[in-house]
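A.B. asks:
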Amino acid sequence: MREAVVGIDVGGTRIKSALVTPDGQVLAETVRPTPDRVGDQLGEVAAKAVVELTAQAGDGVELLAVGVVVPGLVDDVAGIGVWSANLGWRDLDLRGGVASHVDVPVAVGHDVRSGLLAEHRLGAAREADNVLFVPLGTGLASAILCRGQLVTGSLWTGEIGHIVVVPDGPLCGCGQRGCLEALSSAGAIGRRWSEATGLVGDAEEVARRAEAGEAEASRIWQEAIDALAIMVAPVVAAAGTELVLIGGGLVHAGDTLLEPLRTALRARLGGRDDVVVEAAALGSRAGSLGAATIALDLVGR
Numbered sequence: 000m001r002e003a004v005v006g007i008d009v010g011g012t013r014i015k016s017a018l019v020t021p022d023g024q025v026l027a028e029t030v031r032p033t034p035d036r037v038g039d040q041l042g043e044v045a046a047k048a049v050v051e052l053t054a055q056a057g058d059g060v061e062l063l064a065v066g067v068v069v070p071g072l073v074d075d076v077a078g079i080g081v082w083s084a085n086l087g088w089r090d091l092d093l094r095g096g097v098a099s100h101v102d103v104p105v106a107v108g109h110d111v112r113s114g115l116l117a118e119h120r121l122g123a124a125r126e127a128d129n130v131l132f133v134p135l136g137t138g139l140a141s142a143i144l145c146r147g148q149l150v151t152g153s154l155w156t157g158e159i160g161h162i163v164v165v166p167d168g169p170l171c172g173c174g175q176r177g178c179l180e181a182l183s184s185a186g187a188i189g190r191r192w193s194e195a196t197g198l199v200g201d202a203e204e205v206a207r208r209a210e211a212g213e214a215e216a217s218r219i220w221q222e223a224i225d226a227l228a229i230m231v232a233p234v235v236a237a238a239g240t241e242l243v244l245i246g247g248g249l250v251h252a253g254d255t256l257l258e259p260l261r262t263a264l265r266a267r268l269g270g271r272d273d274v275v276v277e278a279a280a281l282g283s284r285a286g287s288l289g290a291a292t293i294a295l296d297l298v299g300r
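Using numbering that gives the first Met the number 0, you'd call the opening residue of the sequence shown number 0 and step up by one each time.
1. What whole-angstrom Cβ distance do glycine 152 and aspartate 128 have, given they're in contact under 8 Å?
2. Using a beta-carbon distance below 8 Å, is aspartate 102 in contact with chain C?
3. Beta strand (DSSP E) containing arginine 31: first to last residue?
4. Hey, threonine 137 and glycine 186: beta-carbon distance below 8 Å or not?
5. When you compare the CB positions of glycine 10 and alanine 17, do they come within less than 8 Å of one another, or not?
6. Taking C-beta to C-beta, are leucine 116 and leucine 149 nearer than 8 Å?
7. Can you tell me the Cα-Cα spacing of glutamine 24 and alanine 195, whole angstroms?
8. With a threshold of 7 Å (Cβ to nearest heavy atom), would glycine 189 be considered close to the ligand HEM?
9. According to the Cβ coordinates, are leucine 72 and glycine 38 closer than 8 Å?
10. Just the Cα atoms here: how many angstroms apart are lysine 47 and leucine 135?
11. Give every residue of the same chain whose Cβ lies closer than 8 Å to the Cβ of serine 193, excluding the five residues on either side of it in the sequence, and list them in chain order.
12. Along the chain, which unbroken stretches of the beta strand (DSSP E) at least 3 residues long are found entirely within the segment 224–249?
13. Where does the unbroken alpha helix (DSSP H) through histidine 119 begin, and where does it stop?
14. Please report the straight-line C-alpha distance between glutamate 320 and leucine 63, rounded to a whole angstrom.
15. Just checking my contact of valine 181 with glycine 189 at CB under 8 Å: how many whole Å lie between their CB atoms?
16. Determine the contact status of serine 83 and glycine 289, defining contact as a CB-CB distance below 8 Å.
17. Got a sec, what are the start and stop residues for the alpha helix (DSSP H) aspartate 296 sits in?
18. Rounded to the nearest angstrom, what separates valine 163 and aspartate 58 at their Cα positions?
19. Taking the C-alpha atoms as reference points, what is the distance between alanine 294 and alanine 106?
20. Mind checking who leucine 41 pairs with in its DSSP beta bridge?
21. If alanine 216 and valine 205 are in contact, beta carbons under 8 Å, what's the gap, nearest whole angstrom?
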């Protein structure tokens with residue numbers, strides 16, 4: 000009988016789930032579209048993920064716990080989703096909603112902070128103790144590791160996505176204009192390009208067109224990178240960050256993303272070249288593996 004946990008990453012576009020053993024082996028994974036009003040049906044979503052994953056893995060799996068991670072403001076201790084601009088909830092009982100549909104302990108966490116834990120234990124941050132992790136997805140937030148410890152303070156810890164970097168810039172889902180998330184998230188990049196050109200495309204399409212030298216795609220791409228560097232530079236300087244990990248699906252753009260970001264960040268750090276900027280190793284799996292990590296921590300494995 001193999002022990003395992005289920006990690007569920009609830010994103011604005013997709014729900015990614017993984018069945019993971021205590022030694023980090025991924026036995027099964029699923030990706031499903033995020034349903035409308037997912038907060039009202041989170042328990043059912045989790046229960047379905049458990050059934051699908053254990054069926055994929057076959058007989059002989061002992062489920063130890065379920066971990067669920069979400070974006071926005073999260074009270075990890077109380078298990079409450081305090082606020083999510085992208086998923087549209089306030090004061091949602093995440094732990095209770097899931098626990099009523101599964102028979103094992105439930106861990107609740109922030110998607111990006113949990114993703115950094117996974118990168119530190121399983122991915123690109125295994126050799127680093129001072130790390131800034133910024134996944135570029137539907138939304139945008141960050142997490143900081145300082146001297147090997149995850150930084151957690153107020154509920155707003157890491158929520159750099161809703162800092163205004165371009166006054167009077169694009170409208171953000173939070174109601175402000177010019178937030179980092181409205182410029183540099185994968186969702187914003189694709190949306191801004193579609194609005195500017197009338198064509199349908201996502202951020203990966205914009206990256207391909209920018210690499211090919213198309214003017215409008217290049218403009219939106221560079222604006223996203225510049226806004227990200229404006230926000231990341233002071234965080235790096237204040238926290239003593241040595242490694243900046245960029246995660247999410249956009250890391251597939253490779254040096255089309257990372258090289259101009261290194262250049263922009265270096266310029267805003269006074270020419271310093273001691274800060275490493277790399278792609279996160281776990282990519283879009285960081286959230287689900289992070290959810291599995293906090294589930295394993297809950298049961299002491």
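Beta carbons: idealized from backbone N, C-alpha and C, even for Gly. Predicted model only: the values in this text are computed from it and were never measured.
C.D. replies: Considering the structure as presented:
1. Incorrect: roughly 18 Å between the Cβ atoms, too far for contact.
2. No chain C appears in the structure shown, which is made up of a single protein chain.
3. 25–32
4. yes
5. no
6. yes
7. 44 Å
8. Absence of the ligand HEM is noted for the structure shown, with no ligands found whatsoever.
9. no
10. 27 Å
11. Val199 and Gly200
12. 242–246
13. 110–121
14. For the chain, the structure presents residues 0 to 300; residue 320 sits outside this window and is missing.
15. Sequence check: residue 181 is alanine here, not valine. Not confirmed; about 12 Å, so no contact.
16. No, these two residues do not count as a Cβ contact at 8 Å.
17. 285–297
18. 51 Å
19. 5 Å
20. In the DSSP output, where bridge partners are listed per residue, leucine 41 has none listed.
21. 5 Å
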